[in-house]
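Undergrad: Submitted below is the structure of interest, expressed as structure tokens.
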Amino acid sequence: MKVLVTGGAGYIGSVAVERLIASGESVVVFDNLSQGHREAIHSDAELVRGDLAAAADIEAAFARHKPDAVMHFASNLLVGESMEKPFKYLGDNVSNGVNLLKCATAHGVERFILSSTANLFDEPETIPISESECIVPGSPYGESKYILERMLAWLERTHGLRYAALRYFNAAGATSERGEDHDPELHLIPLVLQVAQRKREHISIFGDDYDTPDGTCVRDYIHVSDLADAHILALHALSDGSRTYNLGNGQGFSVKEVIETSREITGHGIASKTTPRRPGDPAKLVADSSKIRAELGWEPKYPDLRQIIEMAWSWHSKHPNGYGS
Ligand code: UFG
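Listed below in structure tokens is the structure:
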């Protein structure tokens with residue numbers, strides 16, 4: 031199968047490309063390299079440098095490469111930023127998705143995989159969170175992903191497009207060749223590891239008065255390679271119809287537990303300071319991924335937080351300046 035991967039130079043997208051190529055698929059990466067890194071793209075994948083905001087760029091890529099399937103990772107992805115710049119999300123994320131979907135349907139693409147998010151569940155009634163949980167997006171970012179999920183449901187009816195919406199909980203970790211390198215970096219694990227690398231003096235703990243065992247927020251950290259594997263399984267399962275899955279390990283870890291585990295792994299003291307809560311952070315997000323386990327036989331290979339952080343630490347130690355080094 032030929033798969034067009036938007037955002038294939040980004041963190042999760044580049045690992046999905048690695049896994050796609052390992053499983054024998056042919057890959058075209060569509061990326062404007064505004065956030066992604068050319069060095070992150072697997073050497074067997076072809077890069078089309080283009081912008082989802084430019085319909086002509088997408089049309090040219092589809093006309094030339096004629097993909098059978100699309101994986102759509104490229105996106106603005108910061109919950110906090112989306113509260114300050116809602117149109118970057120409700121506008122750009124949505125209109126870029128529309129441009130892509132228009133082209134995909136016009137070219138008869140039958141398989142589409144969307145990177146969706148746990149940010150659909152701002153006020154979960156039941157934890158762990160299953161697919162039957164009521165959807166209450168937590169931010170314009172989450173809402174933009176939900177709008178795209180809804181579009182896909184309609185395009186299935188109008189165009190027979192088969193889709194998988196994969197709702198990631200907290201992607202983390204690295205493969206031996208690819209890791210997390212955002213600018214600016216705002217995610218917990220890479221920031222904690224930057225303290226161990228002496229690039230920053232301390233990690234801020236955003237609130238320790240949540241209703242959780244140690245007062246800090248609890249998240250479900252899922253290894254990026256396990257996420258990527260779920261994409262490959264979903265891609266093939268689309269032969270049997272569209273599907274939506276929540277993707278996490280099913281175990282929650284607090285901010286303090288992440289810091290403590292990182293201290294043990296890096297041997298560095300990792301200074302921390304408690305600061306006020308970050309607006310928009312739910313206390314606890316843990317996935318119930320039993321549906322994808324049962325239907326596709328997906329099983330995380332790295333469910334252990336320690337292993338996830340060890341692999342991230344190994345990548346950051348080898349690439350102290352990220353892909354820039
Ligand atoms: N945190 C800190 N200090 C920091 C950074 C983060 O205490 O310097 C805390 C946050 O408050 C949160 C936890 O660490 O409780 C994880 O924060 P991240 O920023 O790493 O991740 P988020 O949970 O905010 O968001 C991530 C993705 C989103 C996705 C969401 C789904 O960035 O795109 O997971 O759960 F929607």
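Residues in the sequence shown are numbered consecutively from 31, following the working numbering. Cβ coordinates follow ideal geometry from the N, Cα and C atoms, glycine included.
Going by the C-beta, is Leu-315 closer than 7 Å to any heavy atom of ligand 1?
TA: As a working note, residue 315 is residue 285 in the sequence shown. Within the cutoff, so yes.
Undergrad: Which ranges would you report for the beta strand (DSSP E) in the stretch 215-282 if only whole runs of at least 3 residues count?
TA: If we require 3 residues or more, the beta strand (DSSP E) runs fully inside the stretch 215-282 come out as 233-236, 251-253 and 273-277.
Undergrad: Since Lys-175 is in the alpha helix (DSSP H), which residue starts that stretch and which ends it?
TA: Stepping through the sequence shown from its first residue, residue 175 is reached at position 145. Start and end: 170-189.
Undergrad: Are the stretch 84-97 and the stretch 279-292 touching, with three or more C-beta to C-beta distances below 8 Å?
TA: As far as the Cβ criterion goes, the stretch 84-97 does not touch the stretch 279-292, which means the pair count is below three.
Undergrad: Is the distance from the Cβ of Asp-81 to the Cβ of Val-139 below 8 Å?
TA: Here residue 81 is taken as the residue at index 51 of the sequence shown, counted from 1. Here residue 139 is taken as the residue at index 109 of the sequence shown, counted from 1. Not a contact, by the Cβ cut-off of 8 Å.
Undergrad: Please state the DSSP three-state secondary structure of His-346.
TA: Position 316 of the sequence shown, counting from 1, holds the residue named residue 346. Correct three-state label for His-346: helix.
Undergrad: Taking Cβ positions, are Phe-142 and Tyr-198 nearer each other than 8 Å?
TA: Working through the sequence shown from its first residue, we reach residue 142 at position 112. Working through the sequence shown from its first residue, we reach residue 198 at position 168. Their beta carbons are not under 8 Å apart, which means Phe-142 does not touch Tyr-198 by this criterion.
Undergrad: Could you check where the beta strand (DSSP E) with Asp-61 kicks off and where it finishes?
TA: In the sequence shown, the residue the question calls residue 61 occupies position 31. Its beta strand (DSSP E) spans residues 56-61.
Undergrad: Do you know offhand how far Arg-228's Cα is from Ser-269's?
TA: Taking the sequence shown and counting its residues from 1, the one referred to as residue 228 is at position 198. Taking the sequence shown and counting its residues from 1, the one referred to as residue 269 is at position 239. One C-alpha to the other measures close to 49 Å.
Undergrad: Okay, do the stretch 95-112 and the stretch 121-133 touch, 3+ Cβ pairs below 8 Å being the bar?
TA: Output reads yes: the stretch 121-133 touches the stretch 95-112.
Undergrad: With the cut-off set at 8 Å, would you say Leu-277 and Leu-257 are in Cβ contact?
TA: Walking along the sequence shown from the start, residue 277 turns up at place 247. Walking along the sequence shown from the start, residue 257 turns up at place 227. Against a cut-off of 8 Å, the Cβ pair of Leu-257 and Leu-277 comes out as a contact.
Undergrad: Consult DSSP for Arg-308 and reduce its assignment to one of helix, strand or coil.
TA: Residue 308 sits at position 278 when you count from the first residue of the sequence shown. Three-state DSSP puts Arg-308 in coil, outside helix and strand.
Undergrad: Regarding Leu-218 and ligand 1, is the C-beta to nearest heavy atom distance less than 7 Å?
TA: Start at 1 with the first residue of the sequence shown, and residue 218 comes out as number 188. Result yes, Cβ under 7 Å from ligand 1.
Undergrad: Buried or exposed for Pro-158, going by 16 or more other Cβ atoms inside 10 Å?
TA: Against the sequence shown, residue 158 aligns to sequence position 128. When all chains shown are included, Pro-158 counts as buried.
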